[in-house]
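Reading the sequence shown from the start, the letters are residues 56 to 251 in this note's numbering.
Before any comments, here is the structure.
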Amino acid sequence: MGARTDAARAEVLAAREGLDEELVRLEAAGRAAVDIPARLRREPAKVLGTAGGAAFLLLGGPKRVFKGVRKAILGEKAEMPKSMLPPEIEKKLKKLGPDGEAVRATLEREFADYLDEKAPQRRERDLAGTAAVLLGGVLKPVTERLGRQLAERALDPDGFTFAEGMRRARARRGGTSGNGPDSNGSSGNGSNGAVR
């Protein structure tokens with residue numbers, strides 16, 4: 056029974072050591088991911104470009120640019136009028152007679168004839184709008200995915216910051232001496248364990 060106890064104890068100690076190492080790695084990864092100033096000092100163009108691109112995509116920049124281009128090409132959309140029926144039309148409606156149902160039926164027939172007559176012109180005019188809607192439907196998922204990828208890239212820890220974070224976390228936890236090789240193969244210095 057003593058051998059089983061020793062084996063169980065060894066398993067528990069190995070699991071504890073593995074957990075401790077994972078905690079050190081998690082802490083280092085977290086610190087490296089949020090250590091934006093260090094990354095900004097090393098690669099300012101890359102960090103600022105990634106952050107700017109992510110902000111542009113996540114704040115709806117492509118949609119705004121598309122709307123601006125569409126407005127420049129097709130012109131501004133007219134707003135709806137406050138009253139749908141001008142006074143001249145009201146006068147014409149009163150001339151059709153007092154029977155509301157008969158007036159309604161006449162208007163529906165004449166309006167249907169008018170729509171049939173103008174359908175080809177409407178289709179040509181609406182083709183540009185339909186193309187814009189289709190293009191927007193295709194580009195929206197692409198820009199959202201690209202925005203998410205840029206945001207992930209901006210928060211992804213780089214190797215140097217991660218290795219430095221690992222060294223600091225190990226030195227702080229005291230689990231390893233800090234004089235052995237760290238995760239990137241270089242040997243650390245345990246005397247430089249200052250924490251930010």
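We treat Cβ as the ideally placed atom computed from N, Cα and C, and that holds for glycine.
Keep in mind the model is a prediction, meaning the values are calculated, not measured.
Given a cut-off of 9 Å on the beta-carbon distance, is the pair residue i and residue j in contact?
i, j, result
"A186", "L129", "no"
"L189", "V89", "no"
"A83", "R208", "no"
"L140", "L148", "yes"
"R119", "F215", "no"
"R180", "L170", "no"
With H, G and I counted as helix, E and B as strand and the rest as coil, what does DSSP make of residue i?
i, result
"E98", "coil"
"D168", "helix"
"G130", "coil"
"L74", "helix"
"G107", "helix"
"G115", "coil"
For residue i, which residues in the same chain have their Cβ closer than 6 Å to its Cβ, ignoring the five residues on either side in sequence?
i, result
"I91", "none"
Less than 8 Å between C-beta atoms, sequence neighbours within five positions excluded: which residues of the same chain meet that for residue i?
i, result
"L112", "T198, E199, L201, G202, L205"
"V158", "L148, L151, G152"
Using a threshold of 8 Å, is the CB atom of residue i nearer than that to any non-hydrogen atom of the ligand MN?
i, result
"P153", "As for the ligand MN, it is missing from this structure, which has no ligand bound."
Taking 7 Å as the limit between beta carbons, can you name the residues of its chain near residue i, skipping five residues before and five after?
i, result
"R86", "G220"
"G191", "F121"
contact_flag[the segment 59–68, the segment 195–208] where n(CB pairs < 8 Å) is 3 or more: Contact fails: fewer than three Cβ-Cβ distances are below 8 Å.
Three CB pairs or more closer than 8 Å across the segment 221–230 and the segment 72–80: yes
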